[in-house]
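The UniProt record's numbering puts the first residue of the sequence shown at 1, with every later residue one more than the last.
Glycine is no exception: its CB is placed at the ideal position from the N, C-alpha and C atoms.
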Amino acid sequence: DVDRLVIDHIQVNRAPKMRRRTYRAHGRINPYMSSPCHVEVILSEKEQVVTAPTPDEDAPKKKQSKRRWPARS
1 DVDRLVIDHI
11 QVNRAPKMRR
21 RTYRAHGRIN
31 PYMSSPCHVE
41 VILSEKEQVV
51 TAPTPDEDAP
61 KKKQSKRRWP
71 ARS
């Protein structure tokens, strides 16, 4: 299912450089080095999401003590 796919891994590797030429004004030619690459994308299906149960209101709440500052002298 296409809707459940998530990106698991992406990797980009260099490919061999190709020497080409680019044509400039007034009949000039300059070298042009292309920088091709190999792109590898690995996808995996997203698992079913399970929500955590909501905490019960009857459960006792934990008390948090306030931090005391040291006394000034």
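> residue 12 to residue 35, Cα distance in whole Å?
Replying inline: Put simply, the backbone Cα of residue 12 is about 12 Å away from that of residue 35.
>> On a Cα-Cα basis, can you pick out the residue from 24, 39 and 33 that is closest to residue 14?
In response: Looking at 24, 39 and 33, the one whose alpha-carbon comes closest to that of residue 14 is 39.
> Which partner residues does residue 47 have in the DSSP bridge list?
Replying inline: Paired residue(s): none; residue 47 is not in a bridge.
> Could you give the residue range of the beta strand (DSSP E) that holds residue 11?
Replying inline: Here the beta strand (DSSP E) through residue 11 covers 5-14.
>> Could you pull the DSSP bridge partners for residue 72 from this structure?
In response: Answer is none; residue 72 lacks a bridge partner.
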